[in-house]
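To convert, note that position 10 of the sequence shown is 10 in full-length UniProt numbering; the numbers rise steadily by one, no gaps. For each residue, glycine too, the CB sits at the ideal point set by N, CA and C. Comments concern the structure below.
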Amino acid sequence: MCINLSGEKEPEIFNAIRFGSILENVVYNPSNRIPDYDDVSITENTRCAYPIEYIPGAKIPCSSPNQPTNIIMLTCDAYGVLPPVSKLTPEQASYHFLAGYTSKTPGTEDGVLEPLPTFSTCYSAPFLVCHPSRYATMLAEKMEATKANCWLINTGWTGGKYGTGRRCPLKYTRAIIDAIHDGSLAQADFVKFDVFGLWIPTKCNNVPDELLDPRKAWSDKAAFQKEVRKLAAMFRKAFSLYEREVSDKVRLAGPVA
Numbered sequence: 001m002c003i004n005l006s007g008e009k010e011p012e013i014f015n016a017i018r019f020g021s022i023l024e025n026v027v028y029n030p031s032n033r034i035p036d037y038d039d040v041s042i043t044e045n046t047r048c049a050y051p052i053e054y055i056p057g058a059k060i061p062c063s064s065p066n067q068p069t070n071i072i073m074l075t076c077d078a079y080g081v082l083p084p085v086s087k088l089t090p091e092q093a094s095y096h097f098l099a100g101y102t103s104k105t106p107g108t109e110d111g112v113l114e115p116l117p118t119f120s121t122c123y124s125a126p127f128l129v130c131h132p133s134r135y136a137t138m139l140a141e142k143m144e145a146t147k148a149n150c151w152l153i154n155t156g157w158t159g160g161k162y163g164t165g166r167r168c169p170l171k172y173t174r175a176i177i178d179a180i181h182d183g184s185l186a187q188a189d190f191v192k193f194d195v196f197g198l199w200i201p202t203k204c205n206n207v208p209d210e211l212l213d214p215r216k217a218w219s220d221k222a223a224f225q226k227e228v229r230k231l232a233a234m235f236r237k238a239f240s241l242y243e244r245e246v247s248d249k250v251r252l253a254g255p256v257a
């Protein structure tokens, strides 16, 4: 998304948007053709596509014959409950892949005025040809064969739910991705996040420690526990569609009461 993009916050992306790029839903000044990334009069869901060679240091061609060592699942949690990053067991990877939890954010669809939780199995429900459990099985088999790590990245709210917390700053999400790719995050110490059973790193380069654990990021602990229970109940309800199709290990990899 291009919303609020600036050269100070994201210089590489900002400078990549030039002749040869394609902007969508971005307002610009017709007299000088300069985009106004702060203008949301059309929608907040502004997009841009640019050639990869516009990014300094990009690897070209962007392909590799090697198997991935890391799998990243992306979510946007409007309740501020999920950690910015957590390391998933193979069973948790299958569970969260089937659940496909995220939030629709304002501007992405007509009528969405505040974030709405949604569960789209395999993060792609409208496009699935086979039963979702088949794709989850394929994922588990690939993870077992390659020994790849799986990470759940949350770019949603922290320190509170939508309206009281704040979006996880992009610079910290990028630092987390860097730590995944350079292997340092896999070597970190981890603590278990109760209810959801997720494993949270205690340290990550260039990310504040208190941001990594939502239990520390929230000042109102009672409100946090309330939102944890609410989201956990949503997960259990959504996953009930697949309980009979998965192993007990996968079924038990989700949140508990």
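Inter-residue CB distance, residue i and residue j (contact presumed, cutoff 8 Å)
| i | j | result |
| --- | --- | --- |
| leucine 198 | serine 86 | 4 Å |
| serine 103 | tyrosine 242 | Contact flag wrong, Cβ pair sits at about 21 Å. |
| leucine 139 | glutamate 10 | Not confirmed; about 31 Å, so no contact. |
| asparagine 45 | methionine 1 | 7 Å |
| isoleucine 200 | isoleucine 176 | About 11 Å; that fails the 8 Å criterion. |
| serine 6 | phenylalanine 14 | 6 Å |
| isoleucine 17 | cysteine 62 | The pair is not a contact, with the Cβ atoms about 19 Å apart (cut-off 8 Å). |
| leucine 98 | phenylalanine 239 | 7 Å |
| arginine 158 | leucine 211 | In the sequence on display, residue 158 carries threonine and not arginine. Contact flag correct, Cβ pair sits at about 6 Å. |
Where the beta strand (DSSP E) containing residue i begins and where it ends
| i | result |
| --- | --- |
| valine 85 | 85 to 88 |
| alanine 49 | 47 to 49 |
| asparagine 29 | 27 to 29 |
| asparagine 70 | 70 to 75 |
| phenylalanine 19 | Neither: phenylalanine 19 is in no beta strand (DSSP E) and is coded neither H nor E. |
| isoleucine 34 | 34 to 36 |
| lysine 192 | 190 to 193 |
As assigned by DSSP and simplified to three states, the class of residue i
| i | result |
| --- | --- |
| tyrosine 95 | helix |
| glutamate 245 | helix |
| isoleucine 176 | helix |
| serine 41 | coil |
| lysine 104 | strand |
| valine 129 | coil |
| proline 255 | coil |
| arginine 166 | strand |
| isoleucine 3 | coil |
| isoleucine 52 | helix |
| leucine 198 | strand |
| leucine 116 | strand |
| valine 81 | coil |
Residue range of the unbroken alpha helix (DSSP H) whose run includes residue i
| i | result |
| --- | --- |
| asparagine 154 | Run containing asparagine 154: none in the alpha helix (DSSP H); it sits in the beta strand (DSSP E), 149 to 154. |
| leucine 211 | 209 to 212 |
| phenylalanine 239 | 221 to 239 |
| leucine 139 | 132 to 146 |
Nearest to residue i (by Cα), restricted to the options the options
| i | options | result |
| --- | --- | --- |
| glutamate 24 | Arg215, Thr43, Ile13 | Thr43 |
| serine 184 | Asn70, Val195, Tyr135, Ile13 | Asn70 |
| proline 115 | Thr121, Glu245, Tyr135, Arg167 | Arg167 |
| threonine 137 | Tyr79, Cys204, Ser247, His181 | Ser247 |
| glycine 156 | Asp77, Glu245, Thr89 | Asp77 |
| serine 120 | Tyr95, Glu141, Ala148 | Tyr95 |
| lysine 237 | Lys226, Gly100, Ile177, Cys150 | Gly100 |
| isoleucine 180 | Lys226, Tyr54, Ala148, Ile22 | Ala148 |
| phenylalanine 193 | Leu98, Lys249, Ile17, Pro84 | Pro84 |
| threonine 105 | Tyr162, Asp209, Tyr135 | Tyr162 |
| alanine 232 | Ser21, Pro117, Ser64, Tyr123 | Pro117 |
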